[in-house]
Amino acid sequence: MGLPILSVSRRLRRTPFTDQIVESGVKSYTVYNRMLLPTSFESVEDDYHHLKRDVQIWDVSCERQIEIIGPDAATLVQRLTPRNLATMKIGQCRYIPVVDETGGMINDPVLLKLADDRFWISIADSDLIFWIKGLAQGSQYNAKIFEPDVHPLAIQGPKSDELAARIFGPEITQLGFFKFAPYKWREQTLYVGRSGYSRQGGFEIYLQGFSNGAQLFNDLMEAGADLNVRAGCPNLIERIEGGLLSYGNDMTSENSPFECGLGKFCNLDIVTNCFGFDGLREEFINGPQQQIRSLSIDGPALMPCTDVWSLYVRDELAGHITSAAWSPDFDTNVALGMVHKKYWDAGTVLTAKTPDGERQALIMQGSFADQ
Ligand code: THG
78 MGLPILSVSR RLRRTPFTDQ IVESGVKSYT VYNRMLLPTS FESVEDDYHH
128 LKRDVQIWDV SCERQIEIIG PDAATLVQRL TPRNLATMKI GQCRYIPVVD
178 ETGGMINDPV LLKLADDRFW ISIADSDLIF WIKGLAQGSQ YNAKIFEPDV
228 HPLAIQGPKS DELAARIFGP EITQLGFFKF APYKWREQTL YVGRSGYSRQ
278 GGFEIYLQGF SNGAQLFNDL MEAGADLNVR AGCPNLIERI EGGLLSYGND
328 MTSENSPFEC GLGKFCNLDI VTNCFGFDGL REEFINGPQQ QIRSLSIDGP
378 ALMPCTDVWS LYVRDELAGH ITSAAWSPDF DTNVALGMVH KKYWDAGTVL
428 TAKTPDGERQ ALIMQGSFAD Q
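According to the working numbering, the sequence shown is numbered sequentially starting from 78.
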């Protein structure tokens with residue numbers, strides 16, 4: 078059953094780009110960090126083909142920034158995550174699991190190091206700022222923690238380099254993956270990173286100043302007219318194919334970083350010092366009992382997953398599907414799910430109990446984009 082229309086109010090935050098996004102014909106929104114996040118323009122499938130072929134401008138302002146600045150900023154940031162940040166340099170981005178006192182995932186943000194004593198945490202959909210403020214208070218860290226007037230706008234798709242070069246100059250094409258640097262735009266200097274929530278390549282512009290949003294969006298759309306640029310958004314099909322995790326969908330605070338396949342970002346030495354270490358110790362040594370996998374679900378196109386779909390082997394519960402979409406390119410339903418150890422090997426066939434009945438679900442080796 079479809080949901081009734083969501084009412085809007087001041088609590089559901091607009092972004093600096095909302096007027097342009099509405100003018101561009103956005104067809105659906107979701108709510109992320111209490112902010113509007115577009116989910117489709119033409120249709121999820123049409124947007125998907127366009128994203129893989131051309132270039133899109135995404136209003137991802139809902140990736141809110143938490144700024145941490147001060148003498149204890151680096152110590153505090155390190156204590157939030159089991160990932161070793163000792164070698165992190167200014168101008169680098171890092172994807173970091175953030176865990177609670179039990180070792181459960183409470184966010185999977187991108188961390189940016191702006192200075193030795195200044196960081197931005199570009200968050201997924203959870204109220205991470207309160208956890209960080211509480212820890213800073215409890216441990217008496219000397220750091221200011223706040224949400225700055227910063228609003229990410231992404232350029233994604235194979236023509237991203239061409240478009241970014243036209244706005245920021247050709248040097249930007251030399252920027253490495255998960256690096257960021259300041260670039261001139263009109264009278265401002267903006268941080269731009271080579272990152273984004275797709276496998277098609279691109280950049281994320283960290284706009285400073287809410288009121289500059291319309292100008293930046295319009296500049297990009299004008300500069301990209303002959304590249305067939307369009308307003309777009311993170312695409313459900315493409316991100317499942319790419320194995321990009323969605324916090325709140327594919328994992329919650331019930332899951333450890335190891336279950337999320339983020340064990341490669343967990344370091345035992347540093348873990349010793351991170352909040353939640355005790356909850357991680359056992360899995361660090363023995364591994365998790367279940368883990369995220371890409372799966373191919375047979376049969377016709379499935380509806381989006383609004384609740385988990387159980388996975389079975391005969392009468393035994395083997396896990397659950399957390400995200401699914403029909404993929405035109407792979408000609409199957411692509412899915413992500415949490416699968417018990419006994420059944421997680423590539424090639425294993427499970428039974429998925431979907432709203433459209435029982436379907437065969439095949440465990441993949443890596444993501445679809447890796448195939
Ligand atoms: N960009 C920025 N902030 C974000 C997101 C983003 N905040 C919210 C959300 N997305 C956080 N989640 C993710 C999930 C995956 C990735 C980034 C943010 C990602 N992962 C790559 C991977 O899994 O291969 C790269 C990881 C790595 O090499 O470190 O890019 O998209 N600013």
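Quick reminder that beta carbons are idealized off the backbone N, C-alpha and C, glycines included. Nothing here was measured: the structure is a model prediction, and the numbers come from that model.
Bridge pairing for Val132: absent [DSSP]. Secondary structure in the segment 101 to 177: the beta strand (DSSP E) runs of 3 residues or longer, each lying completely within the stretch, are 105 to 109, 112 to 117, 133 to 136, 142 to 146, 170 to 172 in chain order.
Ordered by chain, the residues meeting the criterion of a beta-carbon within less than 6 Å of a non-hydrogen atom of the ligand THG are Glu140, Tyr172, Asp185, Pro186, Val187, Ser199, Ile200, Ala201, Pro229, Phe255, Ser272, Gly273, Tyr274, Glu281, Leu321, Leu322. Ranked by how close their Cα comes to the Cα of Arg111, the residues Leu128, Cys139, Ile134 have Cys139 in first place.
By alpha-carbon distance to Ser333, the top candidate from Gly353, Val385, Ile347 is Gly353.
In this structure, the alpha-carbon of Asp392 lies about 12 Å from that of Lys430.
Comparing alpha carbon positions, the residue from Ser105, Thr92, Gly180, Ala291 closest to Ile82 is Ser105.
Counting C-beta atoms within 10 angstroms of its own C-beta, Gln437 has fewer than 16 neighbours from the protein chains shown and is therefore classed as exposed.
In the structure shown, Ala423 adopts coil according to DSSP, grouped into three states. Under the DSSP definition of a beta bridge, Trp386 partners with Ile398.
Out of Arg358, Ser199, Phe207, the CA that lies nearest to the CA of Pro229 is found in Ser199. Going by beta carbons, Gln368 and Val416 fall inside the 8 Å limit. The DSSP assignment places complete alpha helix (DSSP H) segments of no fewer than 4 residues inside the segment 193 to 272 at 205 to 215, 237 to 245, in order along the chain.
Non-local C-beta neighbours of Thr425 in its own chain, meaning closer than 6 Å and more than five positions away in sequence, comprise Ile440, ordered along the chain. Distances from the alpha-carbon of Ser101 to those of Thr116, Arg88, Ser444 put Thr116 closest.
Two segments are said to touch when three or more pairs of C-beta atoms, one from each, lie closer than 8 Å; by this definition the segment 232 to 241 touches the segment 288 to 305. It is roughly 21 Å from the alpha-carbon of Ile134 to the alpha-carbon of Leu189. One Cα belongs to Gly147, the other to Thr266, and the distance between them is close to 22 Å. Classified as exposed, Met380 has fewer than 16 neighbouring CB atoms from the shown chains inside 10 Å of its CB.
One Cα belongs to Tyr283, the other to Val227, and the distance between them is close to 6 Å.
For Gln448, the three-state secondary structure derived from DSSP is coil. Distance between Gly246 and Glu281, taken at the CA atoms: about 15 Å. With contacts defined by Cβ atoms closer than 8 Å, Gly168 and Lys256 form a contacting pair. The way I'd put it, the segment 305 to 313 doesn't touch the segment 285 to 292; fewer than three beta-carbon pairs between them come closer than 8 Å. Of the other Cβ atoms in all chains shown, fewer than 16 fall within 10 Å of the Cβ of Gly364; this residue is therefore exposed.
Cβ contact annotation for Ala192 (same chain, cutoff 7 Å, sequence separation greater than five): Ile167, in chain order. Here Leu153 is not near Ile183, since their CB atoms are 8 Å or more apart. Note on geometry: alpha-carbon atoms of Ile244 and Trp262 lie some 7 Å from one another.
For Gln277 and Glu122, the gap between their C-alpha atoms comes out near 15 Å. Closest by C-alpha distance to Ala402, out of Ser371, Phe94, Arg87, Gly180, is Ser371.
Spanning the alpha carbons of Asn326 and Glu315 requires a straight line of approximately 15 Å. About 5 Å separates the CB atoms of Ile98 and Asp136; that is less than 8 Å, so the two are in contact. Between Thr164 and Val175, the C-beta spacing is not below 8 Å.
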